[in-house]
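Have a look at the structure below, then the notes.
2 protein chains.
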Amino acid sequence: MSCPTHRRPEYRKINKDLFVLTYGALVAQLCKDYEKDEDVNKYLDKMGYGIGTRLVEDFLARSCVGRCHSYSEITDIIAQVAFKMYLGITPSVTCNNSSRNEFSLILDKNPLVEFVEELPAGRSSLCYCNLLCGIIRGALEMTHTTELTHNQTISGGHSKGPFVQEQAYFY
Amino acid sequence: MSCPTHRRPEYRKINKDLFVLTYGALVAQLCKDYEKDEDVNKYLDKMGYGIGTRLVEDFLARSCVGRCHSYSEITDIIAQVAFKMYLGITPSVTCNNSSRNEFSLILDKNPLVEFVEELPAGRSSLCYCNLLCGIIRGALEMTHTTELTHNQTISGGHSKGPFVQEQAYFY
Chain A
1 MSCPTHRRPE YRKINKDLFV LTYGALVAQL CKDYEKDEDV NKYLDKMGYG IGTRLVEDFL
61 ARSCVGRCHS YSEITDIIAQ VAFKMYLGIT PSVTCNNSSR NEFSLILDKN PLVEFVEELP
121 AGRSSLCYCN LLCGIIRGAL EMTHTTELTH NQTISGGHSK GPFVQEQAYF Y
Chain B
172 MSCPTHRRPE YRKINKDLFV LTYGALVAQL CKDYEKDEDV NKYLDKMGYG IGTRLVEDFL
232 ARSCVGRCHS YSEITDIIAQ VAFKMYLGIT PSVTCNNSSR NEFSLILDKN PLVEFVEELP
292 AGRSSLCYCN LLCGIIRGAL EMTHTTELTH NQTISGGHSK GPFVQEQAYF Y
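Residue numbers (my numbering), protein chains in the order written: chain A, 1 to 171; chain B, 172 to 342.
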């Protein structure tokens, strides 16, 4: 299948700082609303899930990626194509087990935490970037790669500051 | 004063859809938290204000704009430089009074409402894009152009759907 003509990517881009600061405001609002970090994390994941289910259609149309035949292939596409397309970065991928069904995406430079000096006091369990995990979960579910993702869950996404690597596992 | 060497603008950009959907999730969360539209509007403005106070430094460093000597000049810079830099669009500007201290920024194409089909029921007074008004307010306050902005307030920013023009007044 040939890839449809793309609109110039430039038209689909905005300044990163605006997004990063707006995201920070969102997390701050959730911290105000929910006392427990666990609840904030769940909410960010749920919110991300909704975003992922909507973004994936655009992703498939623009990336023209074909069907994947392994977890490893899926992970590589998330890291090299999706992250690059949406956040302008390419996480490195490591496989965590011999079954090759658990991976880490390691963001050496995470734009989402660029303005984060430290997490608020008493928020040490906050997964600041959990939205990203939710987005991946939602996007994968919508791709109907059921034979590959049937039992898939995504956890992780901790960020205790700008110097901490960001990780997302799926298995 | 010469403008410092810029980093390649591409590095500062991310996909617009990710921002637009995240912003939608933020507004939805606020609608859940606050019963009255007025309170949501206030919160978006307050949040935008905080973002504006942080963005403006980056804006001044990268845009190299000089001191403005009239409301009209300020408005043109907001429309032609700031909106273009951060949202990739250029609102048209109209002056609303003979004193030339009240303007409208009209966004014929507003990226923030791209995925908005309609506002939730009972939310007819919601200023969906009020974050933008807050950002402008915060940024102006931080520029210390006090002789021009001393009594300035920003209101407006209504969006009742994607087909409604976006306006921001300041006077």
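All C-beta atoms, glycine included, are put in the ideal place defined by N, C-alpha and C.
Using the Cα positions of residue i and residue j, report the straight-line distance between them to the nearest angstrom.
{"i": "A/T53", "j": "B/D229", "result": "33 angstroms"}
{"i": "A/E166", "j": "A/G88", "result": "Only weak support is given to the placement of A/E166: the predicted model assigns it a pLDDT of 46, under 50, and the value that follows is read from those uncertain coordinates. Rounded to whole angstroms, A/E166 to A/G88 spans 15 angstroms at the Cα level."}
{"i": "A/P120", "j": "B/M313", "result": "25 angstroms"}
{"i": "A/P111", "j": "B/I185", "result": "10 angstroms"}
{"i": "A/G50", "j": "A/S92", "result": "25 angstroms"}
{"i": "B/S234", "j": "B/R294", "result": "37 angstroms"}
{"i": "A/F83", "j": "B/E273", "result": "42 angstroms"}
{"i": "A/N130", "j": "A/C95", "result": "20 angstroms"}
{"i": "A/E35", "j": "A/L126", "result": "11 angstroms"}
{"i": "A/D45", "j": "A/C133", "result": "6 angstroms"}
{"i": "B/K280", "j": "B/L197", "result": "21 angstroms"}
{"i": "A/L107", "j": "A/Q80", "result": "12 angstroms"}
{"i": "B/L189", "j": "A/Y86", "result": "7 angstroms"}
{"i": "A/S184", "j": "A/N97", "result": "Past the boundaries of the shown model lies residue 184 of chain A; chain A is included only from 1 to 171, so the question cannot be answered."}
{"i": "B/T246", "j": "A/E38", "result": "44 angstroms"}
{"i": "B/L311", "j": "B/L231", "result": "11 angstroms"}
{"i": "A/R12", "j": "B/K187", "result": "5 angstroms"}
{"i": "B/D204", "j": "A/K32", "result": "10 angstroms"}
{"i": "A/Y128", "j": "B/A199", "result": "19 angstroms"}
Would DSSP call residue i helix, strand or coil?
{"i": "A/G157", "result": "At A/G157, the pLDDT of 47 sits below 50, so the modelled position is not reliable and the matter cannot be decided from this model."}
{"i": "A/F103", "result": "strand"}
{"i": "A/V65", "result": "coil"}
{"i": "B/I185", "result": "strand"}
{"i": "B/C266", "result": "strand"}
{"i": "B/K255", "result": "helix"}
{"i": "B/C304", "result": "helix"}
{"i": "A/L148", "result": "Any answer about A/L148 is weak, because its pLDDT of 42 lies below 50 and its placement is not dependable; what the coordinates show is given next. In the structure shown, A/L148 sits in a helix (DSSP, three-state: H, G or I)."}
Excluding the 5 residues preceding and the 5 following residue i in the sequence, name in chain order all residues of the same chain whose CB lies nearer than 7 angstroms to its CB.
{"i": "A/I135", "result": "G48, I51, G52 and L55"}
{"i": "A/R67", "result": "none"}
Spatial neighbours of residue i within its chain, please: C-beta separation below 6 angstroms, excluding the five flanking residues on both sides.
{"i": "B/L201", "result": "V211 and Y214"}
{"i": "A/M1", "result": "In this prediction, A/M1 has a pLDDT of 46, which is less than 50 and means its spatial position is unreliable; nothing more can be read from the coordinates."}
{"i": "B/H344", "result": "No information on residue 344 of chain B is available, as it lies outside the stretch 172 to 342 that chain B covers here."}
{"i": "B/G309", "result": "Y220, G223 and T224"}
{"i": "B/L319", "result": "Reliability of the predicted coordinates at B/L319 is poor, the pLDDT of 42 falling under 50, and no value is obtained from them."}
Using 8 angstroms for Cβ pairs, my map puts residue i next to residue j. What's the rounded Cβ distance?
{"i": "B/E289", "j": "B/V191", "result": "16 angstroms between Cβ atoms; not a contact."}
{"i": "B/I249", "j": "B/V236", "result": "About 10 angstroms separates the two Cβ atoms, so there is no contact after all."}
Quick one: what's got a C-beta closer than 8 angstroms to residue i's C-beta in the same chain, skipping five residues either side?
{"i": "B/Y194", "result": "L283 and L302"}
{"i": "A/R100", "result": "S70, Y71 and S72"}
{"i": "B/T261", "result": "A250, Q251, F254 and K255"}
Looking at chain A, which residues of the segment 278–303 of chain B have a Cβ within less than 8 angstroms of any of its Cβ atoms?
-> P282, F286 and L302
Selection of the segment 215–240 of chain B by Cβ proximity to chain A, strictly under 8 angstroms = M218, G221, I222, R225, L226 and D229
The segment 255–276 of chain B: which residues have C-beta closer than 8 angstroms to a C-beta of chain A, in chain order?
-> M256, Y257, L258 and G259
Within 8 angstroms of chain B by C-beta, residues of the segment 25–38 of chain A in sequence order | Those would be A25, L26, Q29, L30 and D33, in chain order.
Listed from N- to C-terminal order along the chain, which residues in the segment 182–194 of chain B have their beta-carbon within a distance smaller than 8 angstroms of any beta-carbon of chain A?
-> Y182, R183, K184, I185, N186, K187, D188, L189, F190, L192, T193 and Y194
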